[in-house]
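Residue numbers (our numbering): 193 to 373.
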């Protein structure tokens with residue numbers, strides 16, 4: 193039996209992007225992924241000398257991370273009974289060498305979490321079990337979440353706004369607890 197996976201499904205042993213981590217006010221943590229470019233060192237200089245000190249942030253100690261790196265595989269929308277397929281996937285997740293399965297109820301998709309280096313194998317096993325793979329990649333999850341005082345929250349929001357304007361920023365992750373309304 194021949195199985196084909198989308199071309200974008202691949203293992204992510206090492207990050208292909210430049211990963212920069214910061215500590216901020218109120219024990220907040222930020223992880224920024226930047227596309228590799230010759231400007232990264234220039235951006236780091238600008239960050240260190242202008243942006244970080246203004247927002248009471250500093251670079252994280254090397255080797256210490258407040259985030260877990262996980263691979264993910266998202267299935268194509270489920271057309272059958274979604275709850276039944278979710279129960280089946282919850283049982284099968286360990287058999288396919290995954291770590292967890294998350295329901296994406298709005299889009300009726302399943303998101304399987306696995307080790308970044310096991311994405312291809314996990315996607316292959318999912319395909320063999322009848323799931324159709326839509327996308328895959330790597331995400332960063334905070335190890336813990338912090339609630340911030342109003343003053344610290346405002347400072348962090350301004351910091352995030354500045355970071356979003358930097359060139360080559362692919363993603364910004366933080367560990368700040370958000371109040372859902």
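Heads up, the beta-carbon is just placed ideally off N, CA and C, and yes, glycines get one too.
Just so you know, these numbers come straight off a predicted model, no measurement behind them.
Legend entry - Other residues of its chain near residue 355: CB distance less than 7 Å, five sequence neighbours each side excluded: For residue 355, where only same-chain residues beyond five positions count, the Cβ hits under 7 Å are 224, 361, 364.
Inset, instruction - Output the residue ranges of the beta strand (DSSP E) runs that lie fully inside the segment 214–263 and measure 3 residues or longer, sorted by chain position. - result: The segment 214–263 contains these whole beta strand (DSSP E) runs: 221–226.
Inset, instruction - Determine the DSSP secondary structure at residue 319, reduced to helix, strand or coil. - result: If DSSP states are grouped into helix, strand and coil, residue 319 belongs with the helices.
Inset, instruction - To the nearest angstrom, report how far apart residue 367 and residue 331 are at their CA atoms. - result: Straight-line Cα distance between these residues: approximately 13 Å.
Inset, instruction - Can you grab the Cα-Cα spacing for the pair residue 378 / residue 299, in whole Å? - result: Not covered by the structure: residue 378. The range shown for the chain is 193 to 373.
Legend entry - Sub-8 Å separation of residue 210 and residue 228 beta-carbons: Cβ distance < 8 Å, so residue 210 and residue 228 count as in contact.
Legend entry - First through last residue of the alpha helix (DSSP H) which encompasses residue 349: Unbroken alpha helix (DSSP H) run through residue 349: 342–356.
Inset, instruction - Please classify residue 329: does DSSP put it in a helix, a strand, or coil? - result: The three-state reading of DSSP puts residue 329 in strand, counting E and B together.
Inset, instruction - Give the single residue among 296, 347, 337, 241 whose Cα lies nearest to the Cα of residue 277. - result: Comparing Cα positions, the closest option is 296.
Legend entry - Collapsed DSSP secondary structure at residue 373 in the structure displayed: Any reading at residue 373 is ruled out, since the residue's pLDDT is 46, under 50, leaving its predicted position unreliable.
Legend entry - residue 208, buried or exposed, once every other Cβ within 10 Å from all chains shown has been counted against 16: Exposed.
Inset, instruction - Check each candidate in 212, 284, 369, 302 and name the one with the smallest Cα separation from residue 269. - result: Nearest Cα to residue 269 within the set 212, 284, 369, 302: 302.
Legend entry - Contacting residues, own chain, Cβ-Cβ under 6 Å from residue 317 (five flanking each side not counted): Answer for residue 317: 288, listed in chain order.
Legend entry - Sheet register partners of residue 267 (DSSP bridge): 325, per the DSSP bridge assignment.
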